[in-house]
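Here the sequence shown stands for residues 1 to 290, where the numbers follow full-length UniProt numbering.
The beta-carbon is built from N, C-alpha and C at its ideal position, and this holds for glycine as well.
Keep in mind it's a predicted model, so treat the numbers as computed, not measured.
So the structure is just underneath, and the comments pick up after that.
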Amino acid sequence: MCLNWKKNIIRFFDIVLGFYILMAVISWNTPSGARTVCTKVDIKISDSNNAGFLSAEEIKHILVKAGIYPLNQPLENIKPRDIEEALKVGPFVKTAQCYITQNGQACINISQRMPIVRIKNIAGNDYYLDDNGGILPNSKYTSDLIIATGSINLWFARFYITPIAKVIAKSDFWTNQIEQINVLPDRGIELVPRVGNHILFIGYLPVRDLRPVPADEIAQTVEHRLSRLQKFYRYGLSQAGWKKYIYISVEFDNQIICKRYPIEVNKEKDVSKQNTLEETANKTGQSEGG
């Protein structure tokens with residue numbers, strides 16, 4: 001009888017111990033989101049040091065406005081997919097990824113649409129283009145990008161200005177040298193350099209009726225003309241001087257046409273320089289006489 005009593009006690013404790021072990025296993029395997037809150041939001045934006053328009057504060061503002069900013073929210077209530085979809089609606093967001101770590105941290109990784117040129121046409125429109133020709137609205141943030149002006153409609157901006165800007169952006173030399181693209185009423189392309197008082201004319205780009213020319217064909221044309229122009233810069237202007245020409249054209253193959261500054265302008269500069277020298281000499285003489 002005593003032996004049975006002891007067996008029952010041992011069996012009871014075995015059951016209790018088994019129950020606690022089972023609960024421990026269940027508790028261990030239960031997602032932490034059921035009992036913890038988000039303690040930190042880590043927002044990472046690719047190319048944030050370049051000419052992008054997004055910041056971590058901007059991302060936070062979007063999520064707060066949508067009512068889904070995850071900080072201090074129970075992990076079980078956070079929906080990473082909803083966060084991703086809310087961010088993708090923004091015009092500057094290319095891709096968005098969100099995930100939750102077991103230690104209660106929400107990680108948000110953003111890749112942004114990178115602007116490569118700003119359009120300010122004669123109609124008063126002001127917007128940006130990304131490297132795929134997509135339109136980005138004017139932003140409160142400023143960026144040191146090439147500006148394209150003149151007779152530019154949306155079609156011409158997407159299929160012609162975009163490949164021109166991409167060719168320039170690929171070259172450190174032209175990125176540092178060109179500050180403006182200007183489109184003439186007849187669709188001739190001018191480039192305004194940062195150094196020198198001249199205008200560069202690269203001519204007219206290939207056109208086809210009713211359909212756009214492939215971007216790589218536009219790019220090859222621009223690259224060819226800029227390559228000739230760069231050689232002229234190196235072997236021509238370096239000898240003749242940066243202030244000798246007012247207009248330089250590489251429209252036609254095998255020749256570069258340069259227009260000098262008007263003689264009258266040069267004479268005025270020489271006269272002004274001579275007057276300055278004479279005035280300086282007179283002041284010096286008076287000073288010595290005194």
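| request: Whole angstroms is fine: what's the gap from S171's alpha carbon to Y160's? | output: Counted from its first residue, the sequence shown places residue 171 at position 171. Counted from its first residue, the sequence shown places residue 160 at position 160. Distance from the CA of S171 to the CA of Y160, rounded to the nearest whole angstrom, comes to 18 Å.
| query | Which residue comes first and which comes last in the beta strand (DSSP E) that contains T221? | reply | In the sequence shown, the residue the question calls residue 221 occupies position 221. Membership of T221 in any beta strand (DSSP E) is not indicated; the residue belongs instead to the alpha helix (DSSP H) covering A215 to F232.
| request: Indicate the three-state DSSP secondary structure (helix, strand or coil) for N266 in the structure shown. | output: Residue 266 sits at position 266 when you count from the first residue of the sequence shown. Unreliable placement is indicated for N266, whose pLDDT of 49 sits below 50; no coordinate value is reported for it.
| said: Whether or not the region 212 to 229 and the region 145 to 159 are in contact is what I'm after, with contact meaning three or more pairs of Cβ atoms, one per stretch, closer than 8 Å; do they touch? | reply: Yes: the two stretches touch, three or more of their Cβ pairs being nearer than 8 Å.
| field | DSSP bridge partner residues for D172 (one or two, in chain order) | value | For the purposes of this step, residue 172 is identified with residue 172 of the sequence shown, where counting begins at 1. According to DSSP, which records beta bridges pairwise, D172 is partnered with nothing at all.
| field | C-alpha gap between C98 and P115, whole angstroms | value | Locating residue 98 in the sequence shown gives position 98, where the first residue counts as 1. Locating residue 115 in the sequence shown gives position 115, where the first residue counts as 1. C98 and P115: Cα-Cα distance of roughly 24 Å.
| Proximal residues to D270 (C-beta, below 8 Å), its chain only, five neighbours per side dropped | Working through the sequence shown from its first residue, we reach residue 270 at position 270. Low local confidence applies: a pLDDT of 46 at D270 is under 50, so the model's placement there is unreliable, with the coordinate-based value given in what follows. Excluding residues up to 5 positions away in sequence, nothing lies with its Cβ nearer than 8 Å to the Cβ of D270 in the same chain.
| query | Which same chain residues, not among the five before or five after K243, have their C-beta less than 8 Å away from its C-beta? | reply | Sequence index remark: in the sequence shown, residue 243 carries index 243 (1-based). So the list reads G196, N197 and Y261, once near-sequence residues are dropped.
| Who are the near neighbours of residue 338 in its chain, counting only those whose CB is closer than 6 Å to its CB and skipping five residues on each side? | In the structure as shown, the chain starts at 1 and stops at 290, and residue 338 therefore has no counterpart that could be examined.
| Burial state of Y235 (16 or more Cβ within 10 Å) | Translated into positions along the sequence shown, residue 235 becomes position 235. Exposed, because fewer than 16 other Cβ atoms sit within 10 Å of the Cβ of Y235.
| Three-state secondary structure (DSSP) of R260 | For the purposes of this step, residue 260 is identified with residue 260 of the sequence shown, where counting begins at 1. R260 sits in a strand when the DSSP states are folded into three classes.
| request: Kindly indicate which three-state DSSP category K94 falls into: helix, strand or coil? | output: The count along the sequence shown starts at 1 and reaches residue 94 at position 94. Strand at K94.
| message | Quick check on W174: buried or exposed, where buried means 16 or more other Cβ atoms within 10 Å of its Cβ? | response | Position 174 of the sequence shown, counted from the start, is the residue given in the question as residue 174. Counting every other CB atom within 10 Å of its CB across the protein chains shown gives W174 a total of 16 or more, marking it as buried.
| query | What is the rounded straight-line gap between the Cα of T117 and the Cα of T101? | reply | If you number the sequence shown from 1, residue 117 lands on position 117. If you number the sequence shown from 1, residue 101 lands on position 101. The displayed chain sequence assigns Val, not Thr, to residue 117. For V117 and T101, the distance between alpha carbons rounds to 38 Å.
| query | Where do the ends of the alpha helix (DSSP H) carrying K244 lie? | reply | Stepping through the sequence shown from its first residue, residue 244 is reached at position 244. No alpha helix (DSSP H) holds K244; DSSP gives it neither H nor E.
| task | Please name the residue or residues paired with E190 in a DSSP beta bridge. | result | Here residue 190 corresponds to residue number 190 of the sequence shown, with the count starting at 1. In DSSP, E190 forms a bridge with N182 and F201.
| said: Does the region 143 to 154 come into contact with the region 175 to 195, if we say contact requires no fewer than three beta-carbon pairs (one atom in each stretch) closer than 8 Å? | reply: Yes, since at least three Cβ pairs between the region 143 to 154 and the region 175 to 195 fall closer than 8 Å, the two stretches touch.
| With which residues is C112 paired in a DSSP beta bridge? | Start at 1 with the first residue of the sequence shown, and residue 112 comes out as number 112. The residue asked about is misnamed: residue 112 is Gln in this sequence, not Cys. Bridge partners of Q112: V93.
| Span of the alpha helix (DSSP H) around V64 | Within the sequence shown, numbered from 1, the residue matching residue 64 stands at position 64. V64: member of the alpha helix (DSSP H) spanning A56 to A66, first to last residue.
| Buried versus exposed call for L184 [16 or more other C-beta atoms within 10 Å across all chains shown] | Counted from its first residue, the sequence shown places residue 184 at position 184. When all chains shown are included, L184 counts as exposed.
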